[in-house]
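Novice:
Residue numbers (mature numbering (1 follows the signal peptide of the UniProt record, and there is no 0)): -22 to -1, 1 to 236.
1. Are residue 114 and residue 230 close, meaning C-beta to C-beta below 8 Å?
2. Hey, could you find the ends of the beta strand (DSSP E) residue 159 is sitting in?
3. Are the Cβ atoms of residue 77 and residue 132 separated by less than 8 Å?
4. Using the C-alpha atoms, what's the distance from residue 191 back to residue 50?
5. Counting pairs of beta carbons, one from the region 162 to 173 and one from the region 209 to 229, are three or more of them closer than 8 Å?
6. Let me know if residue 110 comes out buried or exposed under the rule of 16 or more other beta-carbons within 10 Å of its beta-carbon.
7. Do residue 55 and residue 160 come within 8 Å of each other at the CB atom, strictly closer than that value?
8. Leaving aside the five residues before and after residue 203 along the sequence, list all residues of the same chain whose C-beta is less than 8 Å from its C-beta, in chain order.
9. Quick check on residue 130: does DSSP put it in helix, strand or coil?
10. Between the alpha carbons of residue 41 and residue 62, how many angstroms are there, rounded?
11. Have a look at residue 119 and residue 39 and give me their C-alpha separation to the nearest angstrom.
12. Leaving out five residues before and five after residue 197 in sequence, what residues of the same chain have Cβ atoms less than 7 Å from its Cβ?
13. Using the rule of at least 16 other Cβ atoms within 10 Å of the residue's Cβ for burial, across every protein chain shown, is residue 201 buried or exposed?
14. Tell me the DSSP secondary structure of residue 12 in three-state form.
15. Spatial neighbours of residue 36 within its chain, please: CB distance less than 8 Å, with the 5 preceding and 5 following residues excluded, ordered by chain position.
16. Tell me the DSSP secondary structure of residue 135 in three-state form.
17. Kindly indicate the opening and closing residues of the beta strand (DSSP E) around residue 65.
18. Candidates 59, 96 and 23: which alpha carbon is nearest residue 158's?
19. Mind checking which residues open and close the alpha helix (DSSP H) that includes residue 38?
20. Starting from the C-beta of residue 195, find all residues in its chain whose C-beta is less than 6 Å away, skip the five residues before and the five after it, and write them out in chain order.
21. Figure out for me which residue from 79, 89, 81 and 64 has the closest Cα to the Cα of residue 71.
22. Which two residues bound the contiguous alpha helix (DSSP H) that contains residue 166?
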């Protein structure tokens, strides 16, 4: 059976879940080095960001700025920004999901700006084990200052506070996430069914901006891999959308008192 088909069966239950409990790494499988190299009781991160004017949670933007540091689990995390090219948004409806379940994915209810917009990744450099993981992936629609972050909602979802004990998000079973315009979903899904192994071969490393049939999609690895990850909208002082961002739970920012 095709690898993608097997993964789809595993993901069905996760896909139709509305929310997931906020997660804290609970075992050594969350890391690729022995537990002794980390203090797993140190779950309240100490976040250092030069620009104190950023909207809460400040790390959403701060992770894309040089000089931001986090102390967590007994190690230091620094960040670097990686630009992966533009995403074509033709309908204003955007999907964020695991590519395994793209066929069932629903676009967010929000209407996003139409055009081509830069996609950027915040790569976390974890000092203790010299590891690198994608902490955040974002589409940047505007350079205006963000005044408020909120959950990106699917149709029918009720807004909840950003520090809610539960989160809206999507389940990941392939260790991958993506951004794609809704009109490109069906074509991309057909391509993935036929070319999964070629697209995600050993040459795939961290991310891919993939062009097809006058569309494109941006794929990226998801933090420590499989899990349940939330996507957020950042708005300016006029309520207009500046960014769409997915958080891959590298930093436990929810544990920091607001």
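Ideal Cβ positions, reconstructed from N, Cα and C, are used throughout, including at glycine. Predicted model only: the values in this text are computed from it and were never measured.
Specialist: For this structure:
1. no
2. Residues 154 to 159.
3. no
4. 43 Å
5. With the cut-off at 8 Å, the region 162 to 173 and the region 209 to 229 do not touch.
6. exposed
7. No. Outside cutoff.
8. 150 and 153
9. Residue 130 falls in the coil class under three-state DSSP.
10. 16 Å
11. Cα to Cα, the separation comes out at about 13 Å.
12. 77, 154, 156, 185, 186 and 188
13. buried
14. Its pLDDT being 38, under 50, residue 12 is placed unreliably in this model, and the coordinates cannot settle the point.
15. 25, 27, 29 and 30
16. coil
17. 53 to 67
18. 96
19. 37 to 40
20. 156, 158, 166 and 188
21. Residue 89 holds the alpha-carbon nearest to the alpha-carbon of residue 71 among 79, 89, 81 and 64.
22. Per DSSP, residue 166 belongs to the alpha helix (DSSP H) from 163 to 177.
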